[in-house]
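Peer 1:
There are 2 protein chains.
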Amino acid sequence: MLQNHLQLTCNTMSTHTHLSAAESLITAQGGRVTRTRVAVLEILLAADQSLTHDEIGLALAEQGIKHDRVTLYRTLDWLVESGVAHKMAGDDRARRFGVAASGPHEHAHFHCDRCGKVVCLEGLQPAVAVNLPGGYQLDRAELVLHGACPTCGKGA
Amino acid sequence: MLQNHLQLTCNTMSTHTHLSAAESLITAQGGRVTRTRVAVLEILLAADQSLTHDEIGLALAEQGIKHDRVTLYRTLDWLVESGVAHKMAGDDRARRFGVAASGPHEHAHFHCDRCGKVVCLEGLQPAVAVNLPGGYQLDRAELVLHGACPTCGKGA
DNA sequence: GTGGTTTTGCAACATAGTAGCATTTGTGCC
DNA sequence: GGCACAAATGCTACTATGTTGCAAAACCAC
Ligand SMILES: [Mn+2]
Ligand SMILES: [Mn+2]
Ligand SMILES: [Zn+2]
Ligand SMILES: [Zn+2]
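Top line first, the protein sequences correspond to chains H and F.
Under the working numbering, the residues of the first sequence are numbered 170 to 325, in order.
Under the working numbering, the residues of the second sequence are numbered 170 to 325, in order.
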């Protein structure tokens, strides 16, 4: 709300060599460093929970970053395909996006069944050693814990 | 395709006292035994994988059971709310429904990342003993294994 | 700076799910 | 069997979320 209106005449992106965390992440994936990508990634990095397309769009708007709905979809898809972000299909029919601050996305998630919030539980991926029925090839395990988040659980 | 056209003039549902598995399940939940509910539940009971709203609707149509899209949504919702069926938000944005043939829905699922198929892994729910960050109240754990199903894994 | 490729914006479309309300149907009771 | 009444259905319209195609703009290597 306060730190806007800084890049009024800046149409080529990062002219100096000092890259932010978001910027380096993007270039590391071989993508172009665009206003929307950087902003979205920074929003995701700063978030303490997974965000919907809509929430991210709102955050962008609040920062005065003009963008198109479709562009945001494509940006998020790109982040997921690049392995930078992860996508979770929620119970409500909105996908939520997040980035694992540290390394690849190998951790469990907590889903609050009351407010719908989803948080990453980094450093918590129990080695699931199950014996599948024959023929099934296991790739990865996805663990989602359901319950009440600290905010929602207060009243109980 | 073959066993249709049997209840042409039968407008009150089960006049004899012998109830099918689906029918007893429905009455046990305090619901009314309707044509659509019975058929849907039987379809789900017979399925070896979770089915989408659309797939179920198609199956109903094939059985000559006239129904409305909305009714099917409501029927499925009711089955889930009653605890008879379970709902899974897939990667494609279609929810898939299934019933646990035995008892309540406490098991893991396998999701084929190639064909999108989801199967219930009954009798397989590893006791997930994780220590959550403070304040979080754990209700249940949801485990989804990702990989290739027997059909899709053949080529690999 | 220029050229070529990637990314964006726009408009139109598609799919999945929801809401309100009149009509029909299942069930308990006689 | 027939009645009364609540529960479930069918319809129509609507919302939310995501997708496609294509021309214009923005990045970036040179
Ligand atoms: Mn995560
Ligand atoms: Mn299941
Ligand atoms: Zn909550
Ligand atoms: Zn498969």
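All C-beta atoms in this analysis are idealised placements derived from N, C-alpha and C, irrespective of residue type, glycine included.
Under 6 Å from any heavy atom of ligand 4, does the C-beta of residue 240 (chain F) make it?
Peer 2: Counted from its first residue, the second sequence places residue 240 (chain F) at position 71. Incorrect: residue 240 (chain F) has no Cβ contact closer than 6 Å to ligand 4.
Peer 1: With DSSP collapsed to three states, give me the class of residue 280 (chain H).
Peer 2: Position 111 of the first sequence, counted from the start, is the residue given in the question as residue 280 (chain H). Residue state, collapsed to three classes: strand.
Peer 1: If you measure from the beta carbon of residue 316 (chain H) to each beta carbon in chain F, is any gap under 7 Å?
Peer 2: Numbered from 1 along the first sequence, position 147 holds the residue referred to as residue 316 (chain H). Yes, residue 316 (chain H) counts as interfacial toward chain F.
Peer 1: What three-state label does DSSP hand residue 262 (chain F) in the structure shown?
Peer 2: Taking the second sequence and counting its residues from 1, one reaches residue 262 (chain F) at position 93. Note: residue 262 (chain F) maps to coil in three-state DSSP.
Peer 1: Out of curiosity, what's the CA-to-CA distance linking residue 316 (chain H) and residue 284 (chain H)?
Peer 2: Reading the first sequence from its first residue, position 147 is the one you call residue 316 (chain H). Reading the first sequence from its first residue, position 115 is the one you call residue 284 (chain H). Distance between the alpha carbons of residue 316 (chain H) and residue 284 (chain H): 10 Å.
Peer 1: If you draw a straight line from the alpha carbon of residue 269 (chain F) to that of residue 235 (chain H), how long is it in whole angstroms?
Peer 2: In the second sequence, the residue the question calls residue 269 (chain F) occupies position 100. In the first sequence, the residue the question calls residue 235 (chain H) occupies position 66. For residue 269 (chain F) and residue 235 (chain H), the distance between alpha carbons rounds to 48 Å.
Peer 1: Closest Cβ-Cβ distance between residue 183 (chain H) and chain F: below 7 Å?
Peer 2: Taking the first residue of the first sequence as 1, we reach residue 183 (chain H) at position 14. In this prediction, residue 183 (chain H) has a pLDDT of 45, which is less than 50 and means its spatial position is unreliable; what the coordinates show is noted afterwards. No, because no Cβ of chain F sits closer than 7 Å to the Cβ of residue 183 (chain H).
Peer 1: Taking residue 240 (chain H) as the reference, give the member of H:231, H:223, H:255 with the closest Cα.
Peer 2: To locate residue 240 (chain H), count along the first sequence from 1; it is residue 71. Of H:231, H:223, H:255, the residue nearest in Cα terms is H:223.
Peer 1: Could you check what DSSP says for residue 213 (chain F) in three-state terms: helix, strand or coil?
Peer 2: To locate residue 213 (chain F), count along the second sequence from 1; it is residue 44. Reduced to three states, the DSSP call for residue 213 (chain F) is helix.
Peer 1: Of all Cβ atoms in chain H, is any one closer than 7 Å to the Cβ of residue 177 (chain F)?
Peer 2: Here residue 177 (chain F) is taken as the residue at index 8 of the second sequence, counted from 1. Low confidence applies here, because residue 177 (chain F) scores a pLDDT of 38, under 50, leaving its location unreliable and the question unanswered by this model.
Peer 1: Following the continuous alpha helix (DSSP H) through residue 229 (chain F), name the residue where it begins and the one where it ends.
Peer 2: By one-based count along the second sequence, residue 229 (chain F) stands at place 60. From DSSP, the alpha helix (DSSP H) with residue 229 (chain F) extends over 222-231.
Peer 1: With a threshold of 7 Å between beta-carbons, can residue 248 (chain F) be considered close to chain H, or not?
Peer 2: Residue mapping note: residue 248 (chain F) aligns to position 79 of the second sequence, counting from 1. Chain H, which has no Cβ nearer than 7 Å to the Cβ of residue 248 (chain F), makes this no.
Peer 1: In this structure, how does DSSP classify residue 311 (chain H) when only helix, strand and coil are distinguished?
Peer 2: Counting from one through the first sequence, the residue named residue 311 (chain H) turns up at place 142. Strand.
Peer 1: Mapping DSSP to helix, strand and coil, what is residue 194 (chain F)?
Peer 2: Here the question's residue 194 (chain F) lines up with position 25 in the second sequence. Correct three-state label for residue 194 (chain F): helix.
Peer 1: Label residue 278 (chain F) either buried or exposed according to how many other C-beta atoms from any shown protein chain fall within 10 Å of its C-beta, with 16 as the threshold for buried.
Peer 2: On the second sequence, position 109 is the one that residue 278 (chain F) refers to. Its Cβ being crowded by 16 or more others within 10 Å, residue 278 (chain F) is buried.
Peer 1: Less than 7 Å separating the beta-carbons of residue 314 (chain H) and residue 307 (chain F)?
Peer 2: Translated into the one-based positions of the first sequence, residue 314 (chain H) becomes position 145. Translated into the one-based positions of the second sequence, residue 307 (chain F) becomes position 138. The answer is yes: Cβ separation under 7 Å.
Peer 1: Tell me which residues pass a beta-carbon proximity test against ligand 3: closer than 7 Å to any heavy atom, given in chain order.
Peer 2: In chain order, the qualifying residues are H:281, H:283, H:284, H:286, H:317, H:318, H:320, H:321.
Peer 1: Output needed in chain order: residues of the stretch 229-258 of chain H with a Cβ under 7 Å from some Cβ in chain F.
Peer 2: Within the stretch 229-258 of chain H, the qualifying residues are 258.
Peer 1: Examine ligand 1 and report whether any of its heavy atoms sits within less than 6 Å of the Cβ of residue 267 (chain H).
Peer 2: Taking the first residue of the first sequence as 1, we reach residue 267 (chain H) at position 98. Within the cutoff, so yes.
Peer 1: Find the residues of chain H that neighbour residue 313 (chain F), judging by a C-beta separation of less than 7 Å, and give them in chain order.
Peer 2: Looking up residue 313 (chain F) in the second sequence gives position 144. Simply 311.
Peer 1: At what residues does the alpha helix (DSSP H) containing residue 253 (chain F) begin and finish?
Peer 2: On the second sequence, position 84 is the one that residue 253 (chain F) refers to. No alpha helix (DSSP H) holds residue 253 (chain F); DSSP gives it neither H nor E.
Peer 1: Using alpha carbons as the reference points, say which of H:193, H:300, H:303 lies closest to residue 253 (chain H).
Peer 2: If you number the first sequence from 1, residue 253 (chain H) lands on position 84. Residue H:193 is the option with its Cα nearest to residue 253 (chain H).
Peer 1: Could one say the Cβ of residue 308 (chain H) lies closer than 7 Å to chain F's Cβ atoms, at least one of them?
Peer 2: Position 139 of the first sequence holds residue 308 (chain H). Closer than 7 Å to some Cβ of chain F, the Cβ of residue 308 (chain H) qualifies, so yes.
Peer 1: Indicate the three-state DSSP secondary structure (helix, strand or coil) for residue 287 (chain H) in the structure shown.
Peer 2: For this step, residue 287 (chain H) is matched to residue 118 along the first sequence. Here residue 287 (chain H) sits in strand by DSSP.
Peer 1: So that I know if they touch, is there some Cβ in chain H lying closer than 7 Å to that of residue 322 (chain F)?
Peer 2: One-based indexing of the second sequence puts residue 322 (chain F) at position 153. Chain H contact via Cβ: present.
Peer 1: Please indicate yes or no: does the CB of residue 315 (chain H) lie closer than 6 Å to some heavy atom of ligand 1?
Peer 2: In the first sequence, the residue the question calls residue 315 (chain H) occupies position 146. Outside the cutoff, so no.
Peer 1: Under the DSSP definition of a beta bridge, which residues are partnered with residue 267 (chain H)?
Peer 2: In the first sequence, the residue the question calls residue 267 (chain H) occupies position 98. BP columns for residue 267 (chain H) point to H:255.
Peer 1: Identify every residue that forms a DSSP beta bridge with residue 306 (chain H).
Peer 2: Within the first sequence, residue 306 (chain H) is the residue found at index 137, counting from 1. Answer is F:317, bridged to residue 306 (chain H).
Peer 1: Short of 6 Å in beta carbon distance, which residues of its chain neighbour residue 188 (chain H), apart from the five on each side in sequence? Order them along the chain.
Peer 2: The residue given as residue 188 (chain H) occupies position 19 in the first sequence. No residues qualify anywhere along the chain.
Peer 1: Listed from N- to C-terminal order along the chain, which residues in the stretch 212-230 of chain H have their beta-carbon within a distance smaller than 8 Å of any beta-carbon of chain F?
Peer 2: Residues: none.
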